[in-house]
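Student:
Number of protein chains: 2
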Amino acid sequence: MQQLKARATETQRKTRIQVENEEKILDAALEEFSVHGFRGATIDRIATHAGMSKPNLLYYFRRKQDIYEALIARLLDTWLEPLRELDAVGDPLPELRSYIRRKLEMARDFPRESRLFANEMLQGAPRIKRLLETELKPLVDEKAEVLKGWMKAGRINPVDPRHLIFSIWSTTQHYADFDVQVQVILGPDRGAEGRFEDAARYLETLFLDGLRPKAGSAADAPRIRTL
Amino acid sequence: MQQLKARATETQRKTRIQVENEEKILDAALEEFSVHGFRGATIDRIATHAGMSKPNLLYYFRRKQDIYEALIARLLDTWLEPLRELDAVGDPLPELRSYIRRKLEMARDFPRESRLFANEMLQGAPRIKRLLETELKPLVDEKAEVLKGWMKAGRINPVDPRHLIFSIWSTTQHYADFDVQVQVILGPDRGAEGRFEDAARYLETLFLDGLRPKAGSAADAPRIRTL
DNA sequence: TTAGACTTTTATCAAACAGTCAAGATTTCG
DNA sequence: CGAAATCTTGACTGTTTGATAAAAGTCTAA
Chain A
3 MQQLKARATE
13 TQRKTRIQVE
23 NEEKILDAAL
33 EEFSVHGFRG
43 ATIDRIATHA
53 GMSKPNLLYY
63 FRRKQDIYEA
73 LIARLLDTWL
83 EPLRELDAVG
93 DPLPELRSYI
103 RRKLEMARDF
113 PRESRLFANE
123 MLQGAPRIKR
133 LLETELKPLV
143 DEKAEVLKGW
153 MKAGRINPVD
163 PRHLIFSIWS
173 TTQHYADFDV
183 QVQVILGPDR
193 GAEGRFEDAA
203 RYLETLFLDG
213 LRPKAGSAAD
223 APRIRTL
Chain B
3 MQQLKARATE
13 TQRKTRIQVE
23 NEEKILDAAL
33 EEFSVHGFRG
43 ATIDRIATHA
53 GMSKPNLLYY
63 FRRKQDIYEA
73 LIARLLDTWL
83 EPLRELDAVG
93 DPLPELRSYI
103 RRKLEMARDF
113 PRESRLFANE
123 MLQGAPRIKR
133 LLETELKPLV
143 DEKAEVLKGW
153 MKAGRINPVD
163 PRHLIFSIWS
173 TTQHYADFDV
183 QVQVILGPDR
193 GAEGRFEDAA
203 RYLETLFLDG
213 LRPKAGSAAD
223 APRIRTL
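Respectively, the protein sequence lines represent chains A and B. Heads up: the first sequence begins at 3 in my numbering, then just goes up one per residue. Heads up: the second sequence begins at 3 in my numbering, then just goes up one per residue.
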């Protein structure tokens, strides 16, 4: 252990075993923390799931909190990548459409990461609040300006850009975080891939056109002055 | 304690003290479980927060799980009330508009309940999956039919009704479950009430009209064939 | 007012938990 | 190879946790 520390002050070249085991541990920890949160997770279970003894695990990460923090550190970057790609120069609607799709893909491909993030939020983000302020907020501010620009140019409807971002986050992450509920309600008929495509199609319609039928659509008669 | 059990088999008339203390306990437990989940919560903290000793608390609820279950039992009913009120006979858009508003009000007025529910979902709903199947699913099925009817009549745009419901749930509950994040991003300028009104206004626009600008709006020129 | 029902506390327990230590096993590399 | 570095383990520590038992205290209704 003292070697680990000594090396850390140098260039910290990692052993094969070190790389493998840290990966195993982080994977098992993600499984555990994403479901039970920080307090609900136990080192014992993480170690078992990672296929090693508890002291061995603690050789790589000295405290429970270190594992959690390692997990969180790599999370936020990945998590914000789709938003970073939102391009001010592109066409607004296709840009938004593909942002939504990228977020939905993340919910499909990294549900555990999504749940870990959700868990941290539910707890009031005690361990990443600062990161939210220094990394998340500036990015959102920047992209909110992009959206505002599009609105001023009349290229998308004028709405609060931050709330727009919230709604994209929440609708897409819902499929990871509330997966059980989604499955109960949709039934087992459609597989995961089918559900994904349905969700993508639905969200596209919602965000682009909303629910109000086009003026001049078929059965327009019965409505008086909707809303 | 044996008296408590004996009474339970009879008509279970509750003492004044019993009523008061159970209420105190459930309130403290909601606070604790909604943040830390089932495993992360401890009886000690719940007892302290309820202002009583741990054995005293356990006199009213014999096991940790009993408290959690009492909480969950009263939750789902309240939680589904807004959807129950969705009226097949009413006008579609105003009905949806007020459903969204009711859900948003619940997120504002019962954020702890929302987080408790979210926490249970994140864990895979081990304790209420059955309830979801017997209570939630039939209700959603019923309301999905209502929505389908409106779509067939051309009164709202045709979309997958279940995904529509998901998106209403996720966007509204987001304001309770991810409250920290929302506050970090929106800044402290607007108080809770202001944020609520902004969210309500935004969601109304989103769900009714989406982001695509009305045909014939001001700066239509630059777009080619959006999406 | 007092017996019996109800409530609270003190003391206690076994299991689970985060974390340590030193000794033994294995790998790496000159 | 063989020694140094790295890795793994078993045994252990102090604390927290969920839960119980019994006794002491309080309330309430006849």
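All C-beta atoms, glycine included, are put in the ideal place defined by N, C-alpha and C.
Does the beta-carbon of B/T136 have 16 or more other beta-carbons within 10 angstroms, so that it is buried, or is it exposed?
Tutor: The residue in question, B/T136, is exposed, as its Cβ has fewer than 16 Cβ neighbours within 10 Å.
Student: Does DSSP put A/N159 in a helix, a strand or coil?
Tutor: Three-state result, A/N159: coil.
Student: Note the first and the last residue of the continuous alpha helix (DSSP H) segment covering B/E34.
Tutor: Segment R18 to G42, the alpha helix (DSSP H) holding B/E34.
Student: Roughly how many whole angstroms lie between the Cα atoms of A/F209 and B/L213?
Tutor: Their Cα atoms are separated by approximately 6 Å.
Student: Tell me which residue opens and which closes the alpha helix (DSSP H) that A/A49 is part of.
Tutor: A/A49 -> alpha helix (DSSP H) spans I45 to A52.
Student: Interface residues of chain A around B/H176 at Cβ under 8 Å?
Tutor: In chain order: F168, S169, W171 and S172.
Student: Secondary structure at A/V182, three-state DSSP: helix, strand or coil?
Tutor: DSSP places A/V182 in helix when its eight states are reduced to three.
Student: B/K105 by DSSP, collapsed to three states: which one?
Tutor: Of the three classes helix, strand and coil, the one that applies to B/K105 here is helix, per DSSP.
Student: Please state whether DSSP places B/F119 in a helix, a strand or coil.
Tutor: Reduced to three states, the DSSP call for B/F119 is helix.
Student: So what does DSSP say about A/V142, is it helix, strand or coil?
Tutor: If DSSP states are grouped into helix, strand and coil, A/V142 belongs with the helices.
Student: Output yes or no for whether 8 Å exceeds the beta carbon distance between B/V182 and A/K131.
Tutor: Yes; because the gap between Cβ atoms is below 8 Å, this pair is in contact.
Student: At a Cβ cut of 9 Å, what residues of the region 87 to 113 of chain A count as close to chain B, listed as they run along the chain?
Tutor: Of all residues in the region 87 to 113 of chain A, D93, P94, L95, P96, L98 and R99 have a Cβ within less than 9 Å of some Cβ in chain B.
Student: Per the contact definition of three or more C-beta pairs closer than 8 Å, is the region 84 to 100 of chain A in contact with the region 43 to 61 of chain A?
Tutor: With a cut-off of 8 Å, the region 84 to 100 of chain A and the region 43 to 61 of chain A do not count as touching, because too few Cβ pairs lie within range.
Student: When the cut-off is 8 Å and only beta carbons count, does A/L210 lie next to chain B?
Tutor: Interface residue, yes.
Student: Pop quiz: B/L73 and A/N121 are said to be a contact at Cβ under 8 Å. What is the actual Cβ separation, rounded to whole angstroms?
Tutor: About 18 Å separates the two Cβ atoms, so there is no contact after all.
Student: Would B/K145 and B/L77 qualify as a contact pair, given that the criterion is a beta-carbon distance under 8 Å?
Tutor: Contact flag unset, no.
Student: Would you call A/S55 buried or exposed, if buried means 16 or more other Cβ atoms sit within 10 Å of its Cβ?
Tutor: Exposed is the call here.
Student: Between the alpha carbons of A/R104 and A/I48, how many angstroms are there, rounded?
Tutor: The straight-line gap from Cα to Cα measures roughly 30 Å.
Student: Can you list, in chain order, the residues of its chain with a C-beta nearer than 7 Å to that of B/V142? Leave out the 5 residues immediately preceding and following it.
Tutor: Only R164 and I167 meet the Cβ criterion.
Student: Counting only beta-carbon separations shorter than 8 Å, does A/F35 have a partner in chain B?
Tutor: By this cut-off, A/F35 is not an interface position.
Student: Compute the distance between the beta-carbons of A/G42 and B/G189, then report whether it is under 8 Å.
Tutor: No.
Student: Would B/V148 pass as a contact of A/L134 if the rule is Cβ separation under 8 Å?
Tutor: No, Cβ-Cβ distance for B/V148 and A/L134 is not below 8 Å.
Student: Which residue comes first and which comes last in the alpha helix (DSSP H) that contains B/E199?
Tutor: Taken as a continuous stretch (DSSP letters only), the alpha helix (DSSP H) holding B/E199 covers A194 to D211.
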